[in-house]
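Protein chains in written order, with this note's numbering: chain A, 1 to 714; chain B, 1001 to 1270. Quick reminder that beta carbons are idealized off the backbone N, C-alpha and C, glycines included.
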Ligand SMILES: Nc1ncnc2c1ncn2[C@@H]1O[C@H](COP(=O)(O)OP(=O)(O)OP(=O)(O)O)[C@@H](O)[C@H]1O
Ligand SMILES: [Mg+2]
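Laid out in structure tokens, this is it:
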């Protein structure tokens, strides 16, 4: 053995020993350890240090993963620049933290995939960057609410649009952004121009539920949709053609399909016509999908649609029943027979042309047109998207019995929860509104007042740090509110002479009347006479991001409120069943923004469910007892009311709404700030159209809450 | 070129204002007027409330006094005050008093903006005898039979401090306005801006798209007024997408994502 090779051997042994020290026996289980070690030996010193350093850190979490890292590190340094290797490590470690060992190893091994991704970074457009825009854009186009989310497959299930997490098909980020827009728009067009009418779904499932037919259907349907898009959205249509596949063969094949399916390019063509064309295309090649086209997953559509249709029929019939009830002459209102016999009729308006149009939808009761609520309009719109009309049976009154099936009445006894001692101090009883019976359940809810245990105060300083800049802006706005207050006229003393008052006094004097001495203007701000109760959702669903954002919001808000001097209290609410409703005191009206209060804000943690009605009644009463001209109850929440045992859906919403109405009657203004993207469906009904705000992104909550408060009270 | 300044109380509308009726509001207003009932016009901004009242003033052949209410507007701004002229004190009627005295239409625009004490003078005017108490003169002025009080109110306001009190609103016959349906709105945009039918169709469609976004990032969708404004720019040869950006999108939002969404929506239809 030459001196040189002996040196090498010793070197390699030392490397191996070092790595064994950090990783342990897992290292020796690697299949081709020798090769790996010699590859490492060929790396530069800093690279070797990097490997042993990270192997040690990774081994602290998992030695298996560390061994894998060692075996792939040489290849990583081979394919990527050093900075990217670091990113690769960060990425699979994150994967390990969130998804476990298996997923992390898969990611770790796919070095070439990662390297390509890194290279694409400059051109890539991610869903995260675009989703807010896309959500607005799709909403603007109209129709049923479609939620945008990321997925490996691109498709729609008629309630959501599933799009890739990132797109790097084209060399410019802007082009990739456009692909997002076009893909979303094309999927939207399926839901808008009747690709998923129920007849179509049934026919496809019954006769063409094989991949080949669905592939043909997808392409033919796209030809039909592009016709409608060209007619109604010429700008979009131009962009579609810009991004179509330019390969002459592909172009020719699409052309052939378009010619053969020419009948589909007509205002009267429907998706049923598309289906009937399928068999003409069995014998010719499939063109590749255009970059903006998604795929079709019939089962997922079917599942979503069938459950929606069932729910919507019940909801629709119930709304109509209520309309009949409300519009019945007083003396007949109790007569169910009479109410049921009123003639409700619907005319869909003849938008024809393949476009569903909720705006033309008109309902008449015994010949009289009736105004529809926005909720009902949306519901009708959604039904028309599924059926192209309102089916006749939807107009029938509901069978009496169906209520109880569709809407389980609450059963307080069946929970099996032991009663907390009802005599306990700080325990309160409240009625709850039962919409199925249209009456109160007396003393149904038992509520206790608890105090949030103090949390770590560093959360407060971290938040102040994090929002340092934003807080300055917020404070400025709040100061402006104070500055805004106009000079007060006709004061007995003040900063300036009130000319108007002097003139008046002069007049009085010449008329021989008493002269007023209120001749000054005061620039001090008018006293803001506002008391506000913040009611914070502490249900289990707020775990994580939302809870964090809620706490941050409260910190910023308190800072800002200190400036205004408005009286405020903060309570959390949660609970589990009617027997155990809870409110958690964070700050009462009398307390200052003290250290304890700050610690309690930091200590807010998710608890159980959201029984909202009882919390509103309790906290609302507290608010009523304060002496202020304006009383505000602001709820921060992440979703609809929901509790164990039937407090959900309509029941929960109706009780909450009832509680809010009770508040309103006693002079309390209620407002809700939510991050629930489905809030549109129930909040207008609960709070009234102008009395809620939906925040799109949790991260924005802390900034928005202060802003909304300011607008509400100026 | 000189323009004559119009004294508020002489604002007699000679030329028929263009107003496109949306429902039976003309008949209801007329009926309320004949019964000496005060009228509340409710509706979002830019949906034609002001235009409607101008039309009604012309229709009923009455001069109209408009007061744009602001948060420093007091009762005496409406009623009037003494002034001093050469050592003499002279009483000057405020806009409301002069409308009551001479039997005009008095239109209080955005009434919720005014100070609370204004309701004190409005209430007795709305009751059976239609009296205006003028404290300074020690008078109770009875309204001439042709006097008509109309107020406007935008319920979309979020500030709880600016809600119209029940005791006030329950004295009025309320006419609810909303953006007109597509066909009517198209006709309005065509007539007001001079653009052709297909362009108006697109603008109205865009209007509906922005209204879909109300409550989800936009406080309000584009009003008829904004559509008319965009139409006017287009009529003066501004490129449609650009006209929409400046006349509509910028007016609606400052949020970049939302602006871009409205921008892309308009690009998609032009
Ligand atoms: N029915 C209508 N007929 C004719 N023009 C209309 C009609 N509705 C709206 N417009 C147009 O919209 C513009 C705005 O209407 P207008 O000024 O009456 O709104 P508004 O309801 O008074 O709004 P604001 O509450 O902001 O004062 C008008 O100048 C007119 O061009
Ligand atoms: Mg106006």
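Note down, in chain order, each residue of its chain lying with its Cβ closer than 7 Å to the Cβ of residue i, except the 5 sequence neighbours on either side.
i	result
residue 1073(B)	1114, 1115 and 1118
residue 19(A)	27, 52, 55 and 70
residue 1055(B)	1017 and 1019
residue 419(A)	Here residue 419(A) scores only 41 on pLDDT, less than 50, and its place in the model should not be relied on; the value that follows carries that caveat. Correct list, in chain order: 579.
residue 298(A)	204, 205, 209 and 214
residue 1221(B)	1207, 1210, 1211, 1213 and 1214
residue 599(A)	454, 455 and 457
residue 171(A)	123
residue 166(A)	124, 125, 126 and 127
residue 663(A)	616, 620, 633 and 670
residue 44(A)	none
Taking 6 Å as the limit between beta carbons, can you name the residues of its chain near residue i, skipping five residues before and five after?
i	result
residue 224(A)	264, 269 and 274
residue 464(A)	none
residue 410(A)	Because the pLDDT of residue 410(A) is 41, which lies under 50, any placement of that residue in the model is unreliable, and the question is left without a value.
residue 1012(B)	1063
residue 64(A)	26
residue 792(A)	Past the boundaries of the shown model lies residue 792(A); chain A is included only from 1 to 714, so the question cannot be answered.
residue 95(A)	103, 104 and 107
residue 1049(B)	1041, 1043, 1152 and 1177
residue 1240(B)	1234 and 1270
residue 371(A)	none
residue 540(A)	606 and 608
residue 1086(B)	none
Take residue i and list the residues in its own chain whose beta-carbon comes closer than 8 Å to its own, dropping the five residues that flank it on each side.
i	result
residue 148(A)	127, 131, 134, 135, 138, 160, 161, 163 and 184
residue 1103(B)	1062, 1143, 1144, 1145, 1146 and 1147
residue 703(A)	467, 470, 474 and 556
residue 5(A)	none
residue 529(A)	628, 629 and 630
residue 1255(B)	1217
Nearest to residue i by CA position, among the options, is which residue?
i	options	result
residue 432(A)	655(A), 540(A), 509(A) and 217(A)	655(A)
residue 745(A)	293(A), 230(A), 300(A) and 215(A)	Absent from the model: residue 745(A). The displayed extent of chain A is 1 to 714, so no value can be given.
residue 1026(B)	1057(B), 1095(B), 1222(B) and 1047(B)	1057(B)
residue 39(A)	671(A), 382(A) and 13(A)	13(A)
residue 1067(B)	1112(B), 1135(B) and 1095(B)	1095(B)
residue 624(A)	670(A), 227(A) and 391(A)	670(A)
residue 394(A)	37(A), 315(A), 570(A) and 648(A)	315(A)
residue 561(A)	533(A), 581(A) and 537(A)	533(A)
residue 1218(B)	1199(B), 1258(B) and 1225(B)	1258(B)
residue 514(A)	1237(B), 1136(B), 1238(B) and 1166(B)	1136(B)
residue 324(A)	49(A), 397(A) and 697(A)	397(A)
residue 652(A)	642(A), 661(A), 587(A) and 660(A)	642(A)
residue 245(A)	363(A), 199(A), 261(A) and 293(A)	293(A)
residue 1223(B)	1256(B), 1186(B), 1254(B) and 1255(B)	1186(B)
Is residue i a contact residue of ligand 4, with contact defined as CB to any heavy atom under 8 Å?
i	result
residue 559(A)	Looking for ligand 4 in the displayed structure turns up nothing; the ligands present are ligand 1 and ligand 2.
Fill in: Whole runs of the alpha helix (DSSP H) within the segment 12 to 94 of chain A, excluding any shorter than 4 residues
For the segment 12 to 94 of chain A, the continuous alpha helix (DSSP H) assignments of 4+ residues that do not extend past its boundaries occur at 33 to 41, 45 to 61 and 63 to 79, in sequence order.
Practice prompt. Ignoring anything shorter than 3 residues or poking outside the segment 1003 to 1066 of chain B, list the beta strand (DSSP E) runs there in chain order.
Written response: List check, beta strand (DSSP E) in window: 1039 to 1042.
Discussion item. Going residue by residue through the segment 639 to 706 of chain A, where are the continuous beta strand (DSSP E) segments of at least 3 residues, counting only ones entirely within it?
Written reply: With a minimum length of 3 residues, the continuous beta strand (DSSP E) runs that stay inside the segment 639 to 706 of chain A are 668 to 674 and 692 to 694.
Worksheet item: Counting by C-beta, which residues lie closer than 5 Å to a heavy atom of ligand 1, in chain order?
Response: Result: 1019(B), 1020(B), 1045(B), 1046(B), 1047(B), 1048(B), 1049(B), 1050(B), 1051(B), 1188(B), 1192(B), 1224(B), 1225(B) and 1228(B).
Item to complete: Please go through the segment 1105 to 1132 of chain B and give each complete alpha helix (DSSP H) segment of 4 or more residues, from N-terminal end onward.
Response: List check, alpha helix (DSSP H) in window: 1118 to 1126.
Item to complete: Count the CB pairs spanning the segment 675 to 689 of chain A and the segment 572 to 592 of chain A that are closer than 8 Å, and state whether there are at least three.
Response: Look at the beta carbons and you see the segment 675 to 689 of chain A not touching the segment 572 to 592 of chain A: under three pairs across the two are nearer than 8 Å.
Worksheet item: Can you list, in chain order, the stretches of the alpha helix (DSSP H) that have 4 or more residues and sit fully within the segment 258 to 343 of chain A?
Response: Every alpha helix (DSSP H) stretch that sits fully inside the segment 258 to 343 of chain A and reaches 4 residues is listed by chain position as 271 to 277, 298 to 327 and 336 to 341.
Worksheet entry | Three or more C-beta pairs below 8 Å linking the segment 499 to 506 of chain A and the segment 544 to 557 of chain A | Touching, no, given that fewer than three Cβ pairs across the two stretches are closer than 8 Å.
Worksheet item: Okay, do the segment 1172 to 1180 of chain B and the segment 1036 to 1043 of chain B touch, 3+ Cβ pairs below 8 Å being the bar?
Response: With contact defined as three or more Cβ pairs closer than 8 Å, the segment 1172 to 1180 of chain B and the segment 1036 to 1043 of chain B are in contact.
Practice prompt. Evaluate the contact criterion for the segment 167 to 182 of chain A versus the segment 314 to 325 of chain A: three or more CB pairs, one atom per stretch, below 8 Å.
Written response: These segments do not touch.
Item to complete: Please determine if the segment 1225 to 1236 of chain B and the segment 1190 to 1199 of chain B are in contact, where contact requires at least 3 C-beta pairs separated by less than 8 Å.
Response: Yes, the segment 1225 to 1236 of chain B is in contact with the segment 1190 to 1199 of chain B.
Worksheet item: At a cut of 8 Å, does the segment 238 to 258 of chain A reach the segment 284 to 294 of chain A through at least three beta carbon pairs?
Response: These segments touch.
Worksheet entry | In chain order, each alpha helix (DSSP H) run of at least 4 residues that lies wholly inside the segment 486 to 512 of chain A | Correct list: 499 to 510.
Discussion item. If we require 3 or more residues per run, which beta strand (DSSP E) segments fall completely within the segment 568 to 611 of chain A?
Written reply: 581 to 587, all fully within the segment 568 to 611 of chain A.
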